[in-house]
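Presented below is the structure to which this report refers.
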Amino acid sequence: MFSDPPTVYRPFMEGVYRVSAGLFRLGAQPIPWREDGRAEGHTFALDRDYGRFVASKVAAHRRAAHEYQGEAGLTPELREAALSHVARTLAAESGGLMIWDGRRFTNRTLGWAAELGLRWGSVEGLTRFDAPLASLVAEIAPLTALDFLGLNAPEDLAVVARAPEGGRDWLAAAHVLSPQHWDPRDKLGRDFVAVHAPVAGSGPMNATAPRLVEAVIARGPFVRFAWGVAMSGRLDHHPAAPPDADRAGETRFDPDRAFLRVERQTLTGFPSAHGALFTIRPYVCPLREAVATPEQARPLAAALHSMTPEQVAYKGLTHLLPELLAWLDEQGTLKEARGGPALHSGA
Ligand code: HEM
């Protein structure tokens with residue numbers, strides 16, 4: 000079993016909210032706001048939350064598998080390049096708990112194995128065996144090779160394609176079972192600019208779309224982070240999933256029910272197959288844990304202040320922001336006073 004605690008990422012430590020590329024070279028470029036300032040080299044994050052991801056993905060799959068995944072003009076070459084990268088890397092990063100022999104993918108934690116045809120996307124010869132989390136997947140049947148690999152990974156998966164002539168790009172495949180209030184079906188077949196059009200303030204980033212897509216395909220791999228404050232810890236916020244407290248009109252800010260949701264995303268290009276793999280791993284951390292010191296409260300407040308009203312609305316924070324900022328203000332000052340020498344001098 001995977002036993003590491005999930006990393007607590009705090010991208011807000013920069014003290015500013017940005018809608019920009021923010022790409023770090025995977026395995027090479029240090030993440031400036033990480034406490035240890037380290038670079039990160041992994042694509043898949045296998046930790047103590049593994050079972051939670053699988054359980055959530057299985058529930059989404061059982062509710063409506065077709066609402067979360069699909070393909071649009073994915074070539075066999077790009078399917079093979081992306082899926083073989085997923086199978087190989089997931090196994091390599093699993094510490095021996097997953098095995099890929101080029102044909103069969105075995106997961107010793109979920110207790111299932113299948114033969115994958117990576118070029119045409121087939122999944123055949125599914126077998127099941129005793130394993131610690133076998134009950135989670137006992138009643139589910141994977142539909143395609145992408146579906147099987149996606150169910151084995153905590154990360155959501157997407158494939159971007161670009162036409163060899165003309166340079167048009169589009170989202171050619173998606174297996175996104177933990178979306179944050181977007182519907183993968185709205186994005187399939189669309190280009191970078193259309194995918195990002197709903198993002199408030201995405202104009203400048205979208206103006207550089209051809210350069211970004213070129214970088215992602217030809218110059219990666221990269222890692223990037225997106226973040227927000229959510230009022231539920233649920234992973235799956237597909238617009239068609241049953242609603243919960245997050246982004247419900249009547250929800251008020253409550254520090255005991257709030258979460259920092261960070262998405263760690265990686266991008267790996269396959270230039271000869273004219274595309275790239277995009278992975279998305281959400282980290283949902285109770286806000287009190289993510290913001291445990293005044294030194295963390297202040298930059299989060301500053302970052303929220305740096306959002307335009309449109310960005311506040313896009314992030315679902317309009318009704319929460321005044322009380323969230325008041326709470327952060329309290330965290331940023333009260334603790335300082337409590338810990339400060341003047342109160343304890345005894346003079
Ligand atoms: C160079 C690559 C990429 C960059 C720089 C980028 C950047 C961004 C940024 C800055 C946001 C706004 C995040 C926020 O909420 O603060 C965003 C949102 C989003 N991105 Fe990307 N992104 C990239 C690739 C992709 C790809 C390949 C997909 C394909 C699935 C994607 C799907 C989305 C979606 C669905 C949203 C939310 C849009 C909505 O609310 O409907 N992104 N992205």
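Just so you know, numbering that gives the first Met the number 0 puts 345 at position 346 of the sequence shown, and the rest follows in order with no gaps.
Glycine residues also receive a C-beta, built at the ideal position from the N, C-alpha and C atoms.
Keep in mind it's a predicted model, so treat the numbers as computed, not measured.
Spatial neighbours of residue i in its chain, beta-carbon cut-off 7 Å, leaving aside the 5 residues before and after
i: residue 157; result: 170, 172, 173, 175 and 277
i: residue 11; result: 226, 298, 299 and 302
i: residue 29; result: 36, 37 and 38
i: residue 41; result: 92
i: residue 270; result: 216 and 217
i: residue 14; result: 298, 301 and 302
i: residue 338; result: In this prediction, residue 338 scores a pLDDT of 49, lower than 50, which makes its location untrustworthy; the coordinate-derived value is nonetheless stated afterwards. Around residue 338: no qualifying Cβ.
i: residue 296; result: 290, 327, 330 and 331
i: residue 344; result: Confidence at residue 344 is low in this model, with a pLDDT of 33, below 50, so the placement of that residue is unreliable and no value is reported for it.
i: residue 50; result: 132 and 135
Same chain only: Cβ atoms within 6 Å of residue i, ignoring 5 sequence neighbours per side
i: residue 125; result: 113
i: residue 232; result: 258 and 283
i: residue 163; result: 273
i: residue 53; result: 135
i: residue 22; result: 221 and 223
i: residue 71; result: 171, 187 and 188
i: residue 195; result: 201 and 205
i: residue 77; result: 160, 272 and 274
i: residue 106; result: 97 and 151
Close Cβ partners of residue i (< 8 Å) along its chain, the five nearest in sequence each way excluded
i: residue 86; result: 99, 104, 115, 117 and 148
i: residue 133; result: 109, 110, 111 and 127
i: residue 122; result: 113, 114, 115, 116, 141, 142, 143, 144, 146 and 147
i: residue 240; result: 59 and 62
i: residue 16; result: 302, 303, 305, 306 and 310
i: residue 250; result: 230, 244, 318 and 319
i: residue 203; result: 18 and 19
i: residue 7; result: 282, 284, 288 and 289
i: residue 102; result: 114 and 115
Per DSSP, cross-strand counterpart(s) of residue i
i: residue 282; result: 261
i: residue 14; result: Answer is none; residue 14 lacks a bridge partner.
i: residue 68; result: 174
i: residue 121; result: 116
i: residue 97; result: 106
i: residue 236; result: 179
i: residue 274; result: 160 and 269
i: residue 126; result: 112
i: residue 24; result: 221
i: residue 169; result: 160
i: residue 155; result: 279
Proximity below 9 Å, CB of residue i to CB of residue j
i: residue 245; j: residue 315; result: yes
i: residue 43; j: residue 153; result: yes
i: residue 220; j: residue 268; result: yes
i: residue 5; j: residue 47; result: yes
i: residue 58; j: residue 253; result: no
i: residue 0; j: residue 96; result: yes
i: residue 275; j: residue 215; result: yes
i: residue 205; j: residue 222; result: no
i: residue 262; j: residue 281; result: yes
i: residue 178; j: residue 237; result: yes
i: residue 199; j: residue 64; result: no
i: residue 167; j: residue 190; result: yes
i: residue 208; j: residue 74; result: no
i: residue 185; j: residue 279; result: no
i: residue 82; j: residue 120; result: yes
i: residue 94; j: residue 45; result: yes
Any chain C beta carbon closer than 9 Å to residue i
i: residue 239; result: Protein chain content of the structure displayed is limited to a single chain, and chain C is not contained in it.
heavy atom of the ligand GDP below 8 Å from residue i C-beta
i: residue 67; result: The model on display carries the ligand HEM but not the ligand GDP.
- Message: Extract the residue ranges of the alpha helix (DSSP H) inside the region 291 to 323, only unbroken runs of 4 or more that lie entirely within it.
- Response: Entirely contained in the region 291 to 323, the alpha helix (DSSP H) runs reaching 4 residues are, in chain order, 293 to 304 and 308 to 313.
- Runs of alpha helix (DSSP H) lying entirely within the region 31 to 82, each at least 4 residues, in chain order: Counting only runs of 4 or more, we get 49 to 63.
- Item | alpha helix (DSSP H) runs wholly inside the region 187 to 250, at least 4 long, in chain order | As for any alpha helix (DSSP H) of minimum length 4 sitting wholly inside the region 187 to 250, the runs are 191 to 195, 202 to 206 and 208 to 217, ordered along the chain.
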